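Below is one structure, written out as C-alpha coordinates; the observations come after it.
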Amino acid sequence: MSRVNDIKNMKRKQRVITPSQVLAETVGEEEKETNVVLKQEINETRKEEKKVERKRVSFDLRTDLHKELKMQALLQDKNIYNLIEEALEKYLSEKK
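The sequence shown begins at 6 in our numbering and counts up one residue at a time.
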(Lines of atoms letter the chains of each structure in order from A and count residues from 1; the text may use other names and numbers.)
(Lines give C-alpha, C1' and ligand atoms only; values in the text may rest on other atoms or scores of the structure.)
Protein backbone atom coordinates (compact mmCIF):
# COMPACT_ATOMS: atom_id res chain seq x y z
CA MET A 1 0.00 0.00 0.00
CA SER A 2 2.89 2.36 0.68
CA ARG A 3 4.04 2.20 -2.93
CA VAL A 4 0.60 3.32 -4.10
CA ASN A 5 0.69 6.16 -1.60
CA ASP A 6 4.17 7.14 -2.78
CA ILE A 7 2.94 7.35 -6.36
CA LYS A 8 -0.08 9.40 -5.31
CA ASN A 9 2.14 11.80 -3.37
CA MET A 10 4.47 12.21 -6.34
CA LYS A 11 1.49 13.02 -8.56
CA ARG A 12 0.27 15.62 -6.06
CA LYS A 13 3.69 17.30 -6.02
CA GLN A 14 3.85 17.62 -9.80
CA ARG A 15 3.51 21.13 -11.09
CA VAL A 16 0.39 21.78 -13.14
CA ILE A 17 1.04 23.80 -16.29
CA THR A 18 -1.72 25.44 -18.23
CA PRO A 19 -1.72 25.50 -22.05
CA SER A 20 -1.22 29.28 -22.04
CA GLN A 21 1.91 28.89 -19.91
CA VAL A 22 3.32 26.35 -22.34
CA LEU A 23 2.63 28.62 -25.30
CA ALA A 24 4.26 31.56 -23.52
CA GLU A 25 7.52 29.67 -22.93
CA THR A 26 10.25 30.28 -25.46
CA VAL A 27 12.17 27.44 -26.96
CA GLY A 28 15.86 28.02 -27.60
CA GLU A 29 17.46 27.33 -30.97
CA GLU A 30 19.54 24.53 -29.47
CA GLU A 31 16.42 22.76 -28.24
CA LYS A 32 14.80 23.10 -31.65
CA GLU A 33 17.85 21.66 -33.39
CA THR A 34 18.04 18.81 -30.88
CA ASN A 35 14.36 18.02 -31.38
CA VAL A 36 14.77 18.00 -35.16
CA VAL A 37 17.75 15.64 -34.94
CA LEU A 38 15.91 13.33 -32.54
CA LYS A 39 12.85 13.23 -34.80
CA GLN A 40 15.04 12.36 -37.80
CA GLU A 41 16.74 9.56 -35.85
CA ILE A 42 13.37 8.17 -34.75
CA ASN A 43 12.03 8.28 -38.30
CA GLU A 44 15.15 6.52 -39.64
CA THR A 45 14.84 3.84 -36.97
CA ARG A 46 11.18 3.30 -37.83
CA LYS A 47 12.00 3.03 -41.51
CA GLU A 48 14.64 0.41 -40.75
CA GLU A 49 12.19 -1.50 -38.58
CA LYS A 50 9.62 -1.55 -41.37
CA LYS A 51 12.07 -3.36 -43.65
CA VAL A 52 12.29 -6.36 -41.29
CA GLU A 53 9.80 -9.13 -41.91
CA ARG A 54 8.13 -10.26 -38.69
CA LYS A 55 5.89 -13.10 -37.60
CA ARG A 56 3.29 -12.58 -34.89
CA VAL A 57 3.68 -15.05 -32.03
CA SER A 58 1.80 -15.67 -28.83
CA PHE A 59 3.22 -17.10 -25.62
CA ASP A 60 2.68 -16.96 -21.89
CA LEU A 61 5.12 -14.99 -19.76
CA ARG A 62 5.43 -14.62 -16.00
CA THR A 63 3.84 -11.37 -14.84
CA ASP A 64 6.97 -10.19 -13.02
CA LEU A 65 9.03 -10.61 -16.20
CA HIS A 66 6.39 -8.78 -18.23
CA LYS A 67 6.40 -5.83 -15.82
CA GLU A 68 10.19 -5.62 -15.89
CA LEU A 69 10.16 -5.85 -19.68
CA LYS A 70 7.67 -2.99 -19.91
CA MET A 71 9.77 -0.86 -17.56
CA GLN A 72 12.95 -1.51 -19.54
CA ALA A 73 11.13 -0.69 -22.78
CA LEU A 74 10.07 2.65 -21.31
CA LEU A 75 13.50 3.44 -19.92
CA GLN A 76 15.29 2.55 -23.15
CA ASP A 77 12.59 4.12 -25.34
CA LYS A 78 12.22 0.91 -27.34
CA ASN A 79 9.38 -1.42 -28.18
CA ILE A 80 8.98 -4.59 -26.15
CA TYR A 81 9.40 -6.75 -29.23
CA ASN A 82 12.76 -5.08 -29.96
CA LEU A 83 14.01 -5.98 -26.49
CA ILE A 84 12.82 -9.56 -26.92
CA GLU A 85 14.47 -9.80 -30.34
CA GLU A 86 17.77 -8.48 -28.94
CA ALA A 87 17.67 -10.96 -26.05
CA LEU A 88 16.89 -13.87 -28.37
CA GLU A 89 19.64 -12.89 -30.81
CA LYS A 90 22.15 -12.74 -27.96
CA TYR A 91 20.99 -16.08 -26.57
CA LEU A 92 21.10 -17.81 -29.95
CA SER A 93 24.54 -16.40 -30.82
CA GLU A 94 25.91 -17.75 -27.52
CA LYS A 95 24.52 -21.22 -28.26
CA LYS A 96 26.45 -21.54 -31.56
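Each residue gets a CB set at the ideal place from its N, CA and C atoms; glycine is no exception.
Keep in mind the model is a prediction, meaning the values are calculated, not measured.
Item: Proximal residues to A92 (C-beta, below 7 Å), its chain only, five neighbours per side dropped; Value: none
Item: Continuous alpha helix (DSSP H) stretch holding V9: start and end; Value: 7-18
Item: Cβ-Cβ distance between A78 and L88 below 8 Å; Value: yes
Item: Unbroken alpha helix (DSSP H) run spanning E91, endpoints; Value: 85-100
Item: Under the three-state DSSP convention, the category V42 falls into; Value: helix
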